[in-house]
Ligand code: MN
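Numbering (my numbering), first residue to last: 4 to 198.
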């Protein structure tokens, strides 16, 4: 695929306020993600990764290439499923039914997901993914890890690296995790589940 591009955010940098500030989005997308993109583009020319999709690189690479490719894929999936805050914000359709069937209720699912994000030690990501049989699984992934390396289909993720929340919430990761549910673009997550 050649050069990996920095994604364009599907929202204005201030659109997620007051949950996530313009300052955080500007730094997170324009500095952190841009750096991972630049590092990856510097590392892949002339290697076997040059003609792979981002997901294929994440599945096959190790070391620095894996770390940068993983972080690009993780951030793309994170940012593309966020939108302006809504207080009543829940999934619909088949995804909502599967969540209710497997976790008992949306609230029970939300509590488990939030808890796994809060208890992840160090830097990483909390994920909702689908297995081949359509069942859902919540995982904690360290650093640049992504559920595609376990053969899962990633649906929803919250970034719990400190750079995702520190300017707005300082050390209060749990407050960030409780608030970010207002931002989930469930239509995007439902589309990923349906694919
Ligand atoms: Mn991040």
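Where a beta carbon is used, it is the ideal one built from N, C-alpha and C, also for glycine. Quick caveat: nothing in here was measured; it's all calculated off a predicted structure.
Taking all protein chains in view, the Cβ of residue 8 is surrounded by fewer than 16 other Cβ atoms within 10 Å, so the residue is classified as exposed.
A Cβ-Cβ separation of about 6 Å places residue 163 in contact with residue 128 under the 8 Å criterion.
In this structure, the CA atom of residue 196 is about 16 Å from the CA atom of residue 142.
For residue 160, the three-state secondary structure derived from DSSP is strand. The DSSP-derived three-state label of residue 191 is helix. Taking all protein chains in view, the Cβ of residue 104 is surrounded by fewer than 16 other Cβ atoms within 10 Å, so the residue is classified as exposed.
With 6 Å as the limit between CB and the heavy atoms of ligand 1, the residues that fall short of it are 31, 35, 78, 162, 164, 166, 167.
Non-local C-beta neighbours of residue 67 in its own chain, meaning closer than 8 Å and more than five positions away in sequence, comprise 42, 46, ordered along the chain.
By the Cβ test, the region 180-188 is in contact with the region 79-91, since at least three Cβ pairs between them sit closer than 8 Å.
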